[in-house]
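Q: Before I ask anything, let me first share the structure, which is written out below as structure tokens.
In full-length UniProt numbering, the protein residues as written are 1 to 242.
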């Protein structure tokens, strides 16, 4: 299923061609190592043609033509490791494609072409994606202000986030769920229902509030499953994710 998704990390709209691509994109976007994501990245046709010939694999053609296809890798990402910038490529596939010979041949052409460029290539099958983690990441992403959504006043959610963080109970008093705590927060602040939960998601996006991404539902998770980091410690990683 094709869809468009805006990413504040890249500051652009991404066009994703399948549910598997969408799931992988959400996981890549969350990773702090990934600084940029380019989808449907085209590979040099001369390179893939040469690689296909060397491998003895028929290069794909556009249907009904004698024109060789410009092959694309689903994601070409920029990654920072040990202070060094590098590129890494990903293809997102349905698990059943692992038994399809032609699909594997095309992937091998891409792998070899990227290897010539010094780019590591990974194939991710949908059964290998952490579904619970991705479901939680989608929920966290709802903390972003939507297109056309306005704050009551400039800096409103920055203010709400600070108040919510200040309201966070000590560990011994945290025997309630995130949803329950945020509902009480809304009442105490006279805020519209759901404001606290949105602010909590924003804190997670800012890495101030560190969630356990393996719980079934973040809204229904006990506060003890979260870590509240100071502004200086907001580099902390989420439990269960980078």
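Glycine residues also receive a C-beta, built at the ideal position from the N, C-alpha and C atoms.
#1: Is residue 91 helix, strand or coil when you go by DSSP?
#2: Using the C-alpha atoms, what's the distance from residue 117 back to residue 83?
#3: To test your reading of the DSSP string, which unbroken beta strand (DSSP E) runs of 3 or more residues are found completely within the UniProt domain "TnsA endonuclease N-terminal" (32 to 124)?
#4: Below 8 Å, can you find three or more Cβ-Cβ pairs linking the stretch 18 to 38 to the stretch 122 to 135?
#5: Report the option in 180, 63, 75 whose CA atom is closest to the CA atom of residue 42.
#6: Leaving out the 5 sequence neighbours to the left and right, which residues in its chain are closer than 6 Å to residue 99 when beta-carbon positions are compared?
#7: Between the Cα of residue 73 and the Cα atoms of 45, 85, 186, which residue gives the shortest distance?
#8: Would you decide whether residue 58 is buried or exposed? Buried here means 16 or more other CB atoms lie within 10 Å of its CB.
#9: How far does the alpha helix (DSSP H) with residue 203 in it reach, from first residue to last?
#10: Quick check: what's the CA-CA separation for residue 241 versus residue 31?
#11: Please classify residue 147: is it buried, with 16 or more other beta-carbons within 10 angstroms of its beta-carbon, or exposed?
#12: Could you spell out where the beta strand (DSSP E) holding residue 6 opens and where it closes?
#13: What did DSSP end up calling residue 233 once you bin it into helix, strand or coil?
A: Quick answer:
#1: strand
#2: 21 Å
#3: 34 to 42, 72 to 81, 84 to 93
#4: yes
#5: 75
#6: none
#7: 45
#8: exposed
#9: 195 to 205
#10: Reliability fails at residue 241, whose pLDDT of 49 lies under 50, so the model's placement of it is uncertain and the value that follows must be treated cautiously. Taking the straight line joining both Cα atoms gives about 7 Å.
#11: exposed
#12: 3 to 7
#13: Residue confidence is low: residue 233 scores 44 on pLDDT, short of 50, so the model does not pin down where it sits. Its coordinate-derived value is still stated next. Note: residue 233 maps to helix in three-state DSSP.
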